[in-house]
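J.: Please find one structure pasted underneath; my questions will follow.
Residue numbers (this note's numbering): 68 to 302.
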């Protein structure tokens with residue numbers, strides 16, 4: 068009886084130990100990325116700094132100016148080794164999807180934005196914004212097939228909308244694959260709508276025109292234009 072009890076206790080102890088060991092091994096290792104710093108000739112001023120993931124892949128790379136403090140450029144990486152962000156190089160700031168395609172790209176003139184572009188995961192342009200100083204000059208959005216979706220023009224003095232045009236995408240054709248206006252909106256300096264046009268699909272002919280007062284209310288008459296509209300009515 069005592070022998071059986073001893074065997075039972077021994078087996079129980081081994082089971083507990085094996086569970087304990089299993090629990091230790093299933094835990095993911097804590098990431099303690101190492102860091103390599105390269106110094107300039109004085110041995111004190113930083114020239115570059117690289118940080119790594121626990122798997123050995125580069126996590127972050129920084130280069131410094133001669134003062135060893137001001138960052139010239141910075142690159143970060145995903146764990147799979149592909150670039151995640153890139154800043155400072157060629158006066159630009161870029162972010163990437165995990166598939167390696169560009170996600171956003173910002174161009175600078177000094178410290179001021181010059182342009183900002185975003186992309187779909189398939190690589191085609193999603194939005195493109197151009198700046199005049201700190202003010203938006205224009206903003207264009209695109210469909211995934213690369214065709215223009217909307218285009219906004221801004222006043223470069225105060226940054227307010229002047230016009231906004233939305234587009235249809237013409238059905239695929241071997242001969243023609245152009246864009247046609249869907250709507251076009253003009254704005255007052257206050258930002259409120261001034262004139263709104265609606266166009267017929269596949270043509271440059273406006274179907275309707277709506278004029279607005281400065282308070283935002285619809286007015287009964289409009290000035291004649293190239294479409295022949297003198298009233299707020301459909302054609």
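C-beta: ideal position from N, C-alpha, C; glycine also. Just so we're clear, the structure is a prediction, and the values are computed from it rather than from any experiment.
Shortest alpha-carbon distance to residue 213 belongs to which of 193, 205, 202?
T.: Per the Cα distances, 193.
J.: Between the alpha carbons of residue 180 and residue 288, how many angstroms are there, rounded?
T.: If I take the Cα positions, the gap works out to 42 Å.
J.: Residue 162 bridges to which residues according to DSSP?
T.: Note: residue 162 sits in a beta bridge opposite 152, 171.
J.: Cα-Cα, which of 253, 224, 249 is closest to residue 198?
T.: Taking only the C-alpha atoms, the option nearest residue 198 is 224.
J.: Quick one: residues in its chain with C-beta nearer than 8 Å to the C-beta of residue 102, no 5 flanking neighbours on either side, listed in chain order?
T.: Taken in chain order, the residues that qualify are 116, 117, 118, 119.
J.: Closer than 7 Å by C-beta to residue 188: which residues in its own chain qualify, once you throw out the five before and the five after it? Chain order, please.
T.: Excluding residues within five positions, the ones whose Cβ falls inside 7 Å are 164, 166, 168.
J.: Using the beta-carbon count (16 or more within 10 Å), is residue 341 buried or exposed?
T.: The chain is shown from 68 up to 302; residue 341 falls before or after that span and cannot be answered.
J.: Once you ignore the five residues that flank residue 49 on each side, which residues in its own chain have a CB closer than 6 Å to its CB?
T.: This structure cannot speak to residue 49, because the chain is shown only from 68 to 302.
J.: In this structure, how does DSSP classify residue 122 when only helix, strand and coil are distinguished?
T.: Of the three classes helix, strand and coil, the one that applies to residue 122 here is coil, per DSSP.
J.: Taking C-alpha atoms, which residue in 221, 141, 256 lies nearest to residue 282?
T.: Residue 282 has its Cα closest to that of 256, out of 221, 141, 256.
J.: Taking residue 185 as the reference, which of 177, 178, 200, 206 has the closest Cα?
T.: Ranking the options by Cα distance to residue 185, first place goes to 206.
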